[in-house]
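Novice:
In full-length UniProt numbering, the protein residues as written are 1 to 502.
1) Do you know whose CA, among 393, 413, 139 and 484, lies nearest residue 462's CA?
2) Could you check the C-alpha separation between residue 356 and residue 317 for me, to the nearest Å?
3) Are the Cβ atoms of residue 92 and residue 68 separated by less than 8 Å?
4) Here's a check: name, in chain order, each residue in its chain whose Cβ is nearer than 6 Å to the Cβ of residue 380, leaving out the five neighbours to either side.
5) What are the start and end residues of the alpha helix (DSSP H) that includes residue 405?
6) I'd like to know if the stretch 280-291 and the stretch 309-325 are in contact, where contact means that at least 3 CB-CB pairs between them fall below 8 Å.
7) Can you give me the C-alpha to C-alpha distance between residue 491 and residue 444, rounded to a whole angstrom?
8) Below 8 Å, how does it come out for the stretch 304-319 and the stretch 228-246: are there three or more Cβ pairs, yes or no?
9) Is the beta carbon of residue 453 less than 8 Å from the beta carbon of residue 489?
10) Mind pulling the beta strand (DSSP E) runs of 3 or more residues that sit fully within the stretch 273-333?
11) Quick check: what's the CA-CA separation for residue 208 versus residue 455?
12) Please report the distance separating the alpha-carbon of residue 376 from that of residue 221.
13) Hey, how far is the Cα of residue 65 from the Cα of residue 136?
14) Excluding five sequence neighbours on each side, which residues of the same chain lie with their C-beta closer than 8 Å to the C-beta of residue 482?
15) In three-state terms, what does DSSP make of residue 444?
16) Determine the contact status of residue 405 and residue 432, defining contact as a CB-CB distance below 8 Å.
17) Here's the rule: buried if 16 or more other CB atoms are within 10 angstroms of the residue's CB, otherwise exposed. What is residue 211?
18) Helix, strand or coil for residue 63, going by three-state DSSP, please let me know.
19) Does the separation of the CB atoms of residue 46 and residue 57 fall below 8 Å?
20) Do you know offhand how far residue 52's Cα is from residue 130's?
21) From what residue to what residue does the beta strand (DSSP E) around residue 220 run?
22) Could you give the DSSP three-state label for residue 233: helix, strand or coil?
23) Go through the stretch 55-142 residue by residue and report every complete run of the alpha helix (DSSP H) that reaches 4 residues or more, in order.
24) Which runs of the alpha helix (DSSP H) fall wholly inside the stretch 428-484 and span at least 4 residues, in chain order?
25) Restricting to Cα atoms, I'd like to know which of 249, 273 and 469 is closest to residue 237.
26) Output needed for residue 295: all residues of its chain with C-beta closer than 7 Å, excluding positions within five of it in sequence on either side, in chain order.
27) Hey, how far is the Cα of residue 471 from the Cα of residue 321?
28) Quick one, which of 394, 426, 109 and 36 has its alpha-carbon nearest residue 74's?
29) Going by C-alpha distance, which of 81, 109, 333 and 494 is nearest residue 421?
30) For residue 271, which beta-bridge partners are listed by DSSP?
31) Using CA atoms only, rank isn't needed, just tell me which of 83, 253 and 200 is closest to residue 264.
32) Nearest by alpha-carbon distance to residue 233: which of 217, 213, 227 and 218 is it?
33) By how many angstroms is the C-alpha of residue 50 removed from the C-alpha of residue 99?
34) Nearest-angstrom Cα distance between residue 466 and residue 374?
35) Which term fits residue 260, buried or exposed, when burial requires 16 or more other beta carbons within 10 angstroms of its beta carbon?
36) First and last residue of the beta strand (DSSP E) that includes residue 577?
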């Protein structure tokens with residue numbers, strides 16, 4: 001009986017306490033507009049009943065000494081601040097219903113020390129390896145830059161059999177080129193002479209700007225020279241062009257005459273200079289916008305360009321031979337018009353060299369790409385065989401056909417002439433993207449239009465036929481530079497015979 005009496009006593013006491021809590025909650029809730037909840041209470045500040053009344057119930061999980069400690073209770077003030085008080089080792093969660101914080105599980109996890117150690121063992125060596133790799137790569141790059149500059153300096157300072165500066169000072173530009181251009185090599189001047197000439201030049205005026213840098217008219221010993229100053233980001237083009245211009249037997253009347261190349265310091269900055277012959281008429285692009293042509297002038301321009309291209313494309317064998325060279329960026333802006341109305345090809349910064357005798361293909365190390373408007377279909381759709389030198393020559397012929405179209409457009413026929421326009425002016429924007437040109441040339445297979453009126457003129461009809469045969473979609477079907485040269489030479493000879501007969 002004593003046991004039963006004790007049980008009934010505690011049961012009644014528990015029920016009475018619950019009624020008191022419920023009664024208290026009802027009083028608090030009715031006394032204010034806020035809603036209050038019964039919450040489980042466990043931890044510091046809790047009474048013996050493990051209950052509390054508050055505006056929100058909370059659970060706080062805290063990670064201490066690799067163990068999770070949980071505290072439950074209720075908040076009545078500063079709810080927003082308290083409920084969002086999370087740190088790296090502590091998470092607070094609030095809820096709003098009776099005893100909603102009672103049956104909760106911790107979302108904090110005790111890190112596994114073995115897993116932590118494994119991560120450290122794997123990650124730290126990887127990070128160290130990457131840092132060492134980056135440092136090693138940077139050192140290699142710095143060493144290669146230093147080595148390249150030293151090799152250039154050695155070339156410039158190597159003066160065996162080279163003339164001294166005083167001799168250079170007593171010579172004219174023509175005499176220097178005649179002296180060293182006929183010694184059997186046909187390449188540029190000796191490096192010491194190049195450097196001496198470069199440092200005696202006075203810049204007069206800027207005559208052109210482009211993505212590569214600037215072109216200035218300079219003055220040396222009473223003569224005009226062209227100074228191409230490369231921007232620092234286009235150093236590879238300067239280095240490549242210097243390398244190719246110093247190739248033996250490159251001198252030709254239809255290739256821009258190279259004088260000197262120098263890495264000089266002006267205005268507290270390093271400048272990359274390429275010094276060539278100066279031509280007042282400027283580029284073919286500028287010349288065609290200012291002038292119209294008759295049929296014979298048109299033929300002369302076209303023939304001189306193909307002569308220069310043939311000289312580039314042909315390999316010359318022998319002790320002082322010349323590798324075959326493909327231009328890769330032929331366009332009217334890279335062709336200059338001389339005083340005798342013949343053209344010469346310039347800008348060899350993207351050129352590719354090939355030698356059958358030593359079986360090498362030197363593409364160079366230049367990230368620059370050619371001009372999109374003049375790109376051949378196989379370049380635009382990326383099907384070009386980059387390991388074949390013939391492929392690069394065929395892209396030059398595509399571009400030559402477009403330059404011919406520009407020349408013919410400015411040729412007077414029956415008293416009529418069209419204004420200058422670049423190729424594909426009517427189907428692509430002023431600065432076309434790679435995708436614009438790919439759609440027009442590869443997908444739609446469009447070509448620049450050639451008016452029927454050109455068929456009335458012998459020269460223009462021949463040039464129109466050459467254009468069409470230079471624009472075949474298949475590279476192997478296009479004419480070669482030598483074939484075009486023979487055709488135009490035959491046409492010139494027939495016109496000369498007709499003139500003599502008249």
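Note that the Cβ used here is the ideal one computed from N, Cα and C, for glycine as well.
Specialist: Working from what's here:
1) 484
2) About 9 Å.
3) no
4) 437, 438, 441 and 442
5) Taken as a continuous stretch (DSSP letters only), the alpha helix (DSSP H) holding residue 405 covers 389-409.
6) Verdict: no, contact absent.
7) 34 Å
8) In this structure the stretch 304-319 does not lie against the stretch 228-246, because fewer than three pairs of beta carbons, one per stretch, are closer than 8 Å.
9) no
10) 324-326
11) 37 Å
12) Just so you know, the alpha carbons of residue 376 and residue 221 end up roughly 43 Å apart.
13) 42 Å
14) 310, 313 and 314
15) Look at residue 444 here: in three-state DSSP terms it is coil, with no helix or strand label.
16) no
17) Classification for residue 211: exposed.
18) strand
19) no
20) 57 Å
21) 213-220
22) helix
23) Whole alpha helix (DSSP H) segments, 4+ residues: 79-83.
24) 434-438 and 458-470
25) The residue with the shortest Cα to Cα distance from residue 237 is 273.
26) 411, 457, 459 and 460
27) Looking at the two C-alpha atoms, the distance is approximately 32 Å.
28) 36
29) With distances taken between Cα atoms, residue 421 lies closest to 333.
30) 264
31) 200
32) 213
33) 11 Å
34) 17 Å
35) Looking at its Cβ environment, which holds 16 or more other Cβ atoms inside 10 Å, residue 260 is buried.
36) Past the boundaries of the shown model lies residue 577; the chain is included only from 1 to 502, so the question cannot be answered.
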